[in-house]
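Take the sequence shown: its position 181, counted from the start at 1, is 181 in full-length UniProt numbering, and no numbers get skipped.
Here the structure comes first, spelled out in structure tokens, and everything after it is commentary.
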Amino acid sequence: MDAKGFLQEVGAQVNADFVKNRSILSFEEYLSLFFNDPKGQARNAAQYLRDVMDHFGTETVPHPTGTIRRFKVFDAPSGDRDGRVAGQEEVQNSIYRLLGNFVRAGRINKLILLHGPNGSAKSTLVNALKEGMEAYSRLPQGALYRIAWVFPSEKLIKGSIGFGERDITQGEVASFAHLESEAIDLRMPCELRDHPLFAVPPGERKKLLETALKKKGLGNGDGETGDFILSDYLREGGLCSKCRSIYTALLNSYGGDWLKVMRHVQVERFYVSRRYQVGTVTVEPQMSVDAMVQQITADRTQLNVPAPLHSTVLYEPHGPLIHANRGLIEYADLLKRPLEAFKYLLGFSETGEVPLEPFVLQLDEVLIASANEKHLGAFKELPDFASFKGRIELVRVPYLRRYKTEQQIYDAQITSTTVGKHVAPHATEVAAMWAVLTRLKKPIPDRYPNDVKELIDHVSPVEKLHLYEEGAPPDRLSLANTKELKKLREDLFTESDAYPNYEGRSGASAREIKTALFNAAQNPDYKCLNALAVLEELHAICKDKSVYEFLLQEVVDGYHDHEAFVRVAETEYLDRVDTEVRESMGLVSEGQYRELVERYIQSVSHWVRGEKMRNRITGEMEKPDENRMAEVEAIVMPKGEQAAEFRRGLISAIGAHRLDNPDLEMDYPRIFPDMFRRLRDHYFEERKRVLRKNKENVLKYLSEDRNQLTPREQTQVQSTLKTMSERYGYCESCAKDAILFLMKKRYG
1 MDAKGFLQEV GAQVNADFVK NRSILSFEEY LSLFFNDPKG QARNAAQYLR DVMDHFGTET
61 VPHPTGTIRR FKVFDAPSGD RDGRVAGQEE VQNSIYRLLG NFVRAGRINK LILLHGPNGS
121 AKSTLVNALK EGMEAYSRLP QGALYRIAWV FPSEKLIKGS IGFGERDITQ GEVASFAHLE
181 SEAIDLRMPC ELRDHPLFAV PPGERKKLLE TALKKKGLGN GDGETGDFIL SDYLREGGLC
241 SKCRSIYTAL LNSYGGDWLK VMRHVQVERF YVSRRYQVGT VTVEPQMSVD AMVQQITADR
301 TQLNVPAPLH STVLYEPHGP LIHANRGLIE YADLLKRPLE AFKYLLGFSE TGEVPLEPFV
361 LQLDEVLIAS ANEKHLGAFK ELPDFASFKG RIELVRVPYL RRYKTEQQIY DAQITSTTVG
421 KHVAPHATEV AAMWAVLTRL KKPIPDRYPN DVKELIDHVS PVEKLHLYEE GAPPDRLSLA
481 NTKELKKLRE DLFTESDAYP NYEGRSGASA REIKTALFNA AQNPDYKCLN ALAVLEELHA
541 ICKDKSVYEF LLQEVVDGYH DHEAFVRVAE TEYLDRVDTE VRESMGLVSE GQYRELVERY
601 IQSVSHWVRG EKMRNRITGE MEKPDENRMA EVEAIVMPKG EQAAEFRRGL ISAIGAHRLD
661 NPDLEMDYPR IFPDMFRRLR DHYFEERKRV LRKNKENVLK YLSEDRNQLT PREQTQVQST
721 LKTMSERYGY CESCAKDAIL FLMKKRYG
């Protein structure tokens, strides 16, 4: 393709998109569009943002409190993994609920203040909303329009450029909106992006809105006769100062002929843009005011301004508040600004109006701010906080407390591309575990019934970690206590929600852990970014108490013992490596464990019902074999548990699973994961010598001693390494590091 052909092809595509997107409309054309979709065109900023969240849909995800709704807009519509919000579903639902409150009230009357520790994803949440708004505004159902004023050239219309008593168009030009640029002397867009319907007088506009909504079966817009609620902004709003002055001047010049005024109205589609600050703006902590005006008609270089406007003073507002109108404005770290710099929010957040020297700004935008807990605490001590209190909705954004969700943050940003080397299995998982452990608080037994106080008091940090993530109580508990602790999972997770010093307020931030991971990737002792390098970095963090404030917390029954948490993370890592290496060696198949458990449960089922069962060998009907059941129970039953109670508990668990999943087959590994793990551990403990030998063979194979192995041993090692690579993601280098570490710690 030559240059000319390329230009023609691109030009044709751009032109087609321009026409398809209906980028420029006359006022009459816009009214037709409005009548087709009055609900979509009569939304205020809160309704629009709520529709953005609805557009991308929701899903139900597991949560320590049961299940919870997650909004997919926070999964980054563009597919950018860095922009995805990991977890924080509670915050997502709080924002959606507050937007719903604004919709029902018909006005945005409060500022949403996201507060939490540094690095808890406050800005990421808002950025995801902004990105969603950008994507939605490019869709037909998300189209947004603003008003502009067009003044034709004297070449087209002789006389006073549209300001005469004579019918200068002689009925040929119904609108100046589609004139070629050569035929236009001046085009004046509205910086506030005034809604096109503001060109209709208030009384007639109200009738127009109600009529259009009724025709679509949406009632009067009062929320009682239909689902849609008209906002005060659309009902009572009006043109900005500049547009009102132009409108008045035109109306006077045309002797009150409103239809002639409307010929000068051009309706332009606009798109939300973070980069160009259209419909969304972030205000960083600063001293300057967020809105101002400049007089434009005093500048006599604008010779194209029609003569009647020369005697009219026009003011043009600008600044973040203006750029964000009809969208969302974010005040990052709001409370780092001097109080005087944002006192105007007292009125603005409640009325949507900001008084400036020449006029009052009327704005329609969702206000979201962020603050850390220290600044919020100090703000609450100020006398002015009482005034702000009723105009602010506080939404807490704590650190995550589920390590697999935390790991998603690191997996999105710590890749072989970003660190320049292979990322070994469990490197980010180890970091996520340690981070979450630093955030957990010791439960308060006095908040629970007397019969479970002791149980709660003995829950360790690592046990709480797994209870939150997998709902897995510790092995040390009896079956009865296991059930009890599972029931208390939600209470534990929400225990400190009402406390100022809530769980998730302090600890290692995701930013600090990401820095540690990038540092670990530069460790010259390892060819891969592996968990061993990460553990070394975590040890280094624990020594720097002057930098990391959370390290100064008092240790309480194992909680806040951050150095011990590194050892806990190491143990968890060793457990995973040990399991993966053993399974890669294929010494015992999962099917054998499943068969053993199924036979055991079959025996227990007959025992509980007091029935005989058929002997698989003799075919005779016999009582369940007590010896065989006892052999299995010696391995899988928690210490101190009574066999009869344990058996009945198993059958109850199976019954409960059937009730919850009537159409699914029995999946014993899923129902009894602890039982299968104990079976594996018991088997491999008995085969420890064989395992040690096999692991030594792997190390020999990966060293200069490969020739010492027999062909059969080499084949076994190759099979093991292949499985470790395909199933778990190890390369030879990180497999060697992991097995060496495992041999040193557990098989030495």
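Every residue gets a Cβ at the ideal spot worked out from N, C-alpha and C, and that includes glycine.
Mapping the DSSP letters down to three states, classify residue 314 as helix, strand or coil.
coil
Go through its chain and collect everything with a Cβ distance to residue 657's Cβ below 7 Å, but skip five positions before and after it.
671
Compare the C-alpha of residue 408 against each of 615, 75, 673, 344 and name the closest.
75
Looking at residue 70: is its Cβ nearer than 8 Å to the Cβ of residue 59?
yes
Top-ranked residue by Cα proximity to residue 334, from 113, 245, 191
113
Buried or exposed: residue 631, going by 16 or more other Cβ atoms within 10 Å of its Cβ?
exposed
Could you name the residues of the same chain whose beta carbon sits closer than 7 Å to that of residue 375, not counting the 5 residues immediately before and after it, in chain order?
335, 336
Rounded to a whole number of angstroms, what is the C-alpha to C-alpha distance between residue 755 and residue 548?
The structure shown does not extend to residue 755, since the chain is modelled only from 1 to 748, so the question has no answer here.
Cβ pair residue 529, residue 430 closer than 8 Å
no
Mapping the DSSP letters down to three states, classify residue 257 as helix, strand or coil.
coil
Using three-state DSSP, classify residue 362 as helix, strand or coil.
strand
Is it true that the region 240–257 meets the region 179–191, where meeting means three or more beta-carbon pairs spaced less than 8 Å apart?
yes
Taking the alpha helix (DSSP H) that residue 266 belongs to, which residues open and close that run?
Counting along the chain, residue 266 falls outside any alpha helix (DSSP H), though it belongs to the beta strand (DSSP E) covering 265–270.
For the beta strand (DSSP E) containing residue 186, name the first residue and the last one.
184–189
Inspect the beta-carbon positions of residue 87 and residue 72 and report whether they are closer than 8 Å.
no
How about residue 279 and residue 235: do their beta carbons lie closer than 8 Å?
no
Beta-carbon proximity check, residue 362 vs residue 219, cutoff 8 Å
no
Cα-Cα separation, residue 747 to residue 680
17 Å
Nearest to residue 403 by CA position, among 366, 468, 379, is which residue?
468
The region 457–464 touching the region 428–448, judged by at least three CB pairs closer than 8 Å:
yes
Sufficient close CB pairs (3 or more, under 8 Å) joining the region 548–566 to the region 644–664:
no
Does the region 122–142 come close enough to the region 37–54 that 3 or more CB-CB pairs lie under 8 Å?
yes
Considering only residues of the same chain and omitting the five flanking positions on each side of residue 85, which have a CB-CB separation below 7 Å?
74, 121, 124, 125, 128
Where the alpha helix (DSSP H) containing residue 146 begins and where it ends:
Looking at the DSSP string, residue 146 is not in any alpha helix (DSSP H); the run it does join, the beta strand (DSSP E), is 144–152.
Tell me the rounded alpha-carbon separation between residue 168 and residue 209.
Annotation note: pLDDT 38 at residue 168 (below 50); position unreliable, no value reported.
Can you check whether the CB of residue 644 is closer than 8 Å to the CB of residue 633?
no
Taking the beta carbon of residue 378 as the centre, do at least 16 other beta carbons fall within 10 Å, making it buried, or is it exposed?
exposed
Cα-Cα separation, residue 38 to residue 212:
6 Å
Do the region 606–614 and the region 445–460 make contact, defined as three or more Cβ pairs closer than 8 Å?
no
In terms of residue numbering, what span does the beta strand (DSSP E) encompassing residue 764 cover?
The structure shown does not extend to residue 764, since the chain spans only 1 to 748, so no value can be given for it.
Take residue 426 and list the residues in its own chain whose beta-carbon comes closer than 6 Å to its own, dropping the five residues that flank it on each side.
531, 573, 576
Please tell me whether residue 517 and residue 534 are closer than 8 Å, where the distance is taken between their beta carbons.
yes
With a CB to CB cut of under 6 Å and the five nearest residues on each side skipped, what residues in its chain are close to residue 428?
407, 410, 411, 414
Nearest CA to the CA of residue 152: which residue from 566, 685, 176?
176
Write down every uninterrupted run of the alpha helix (DSSP H) in the region 482–532 whose length is 4 residues or greater and which is fully enclosed by it, in chain order.
489–494, 510–521
Per DSSP, which one or two residues make a beta bridge with residue 66?
63
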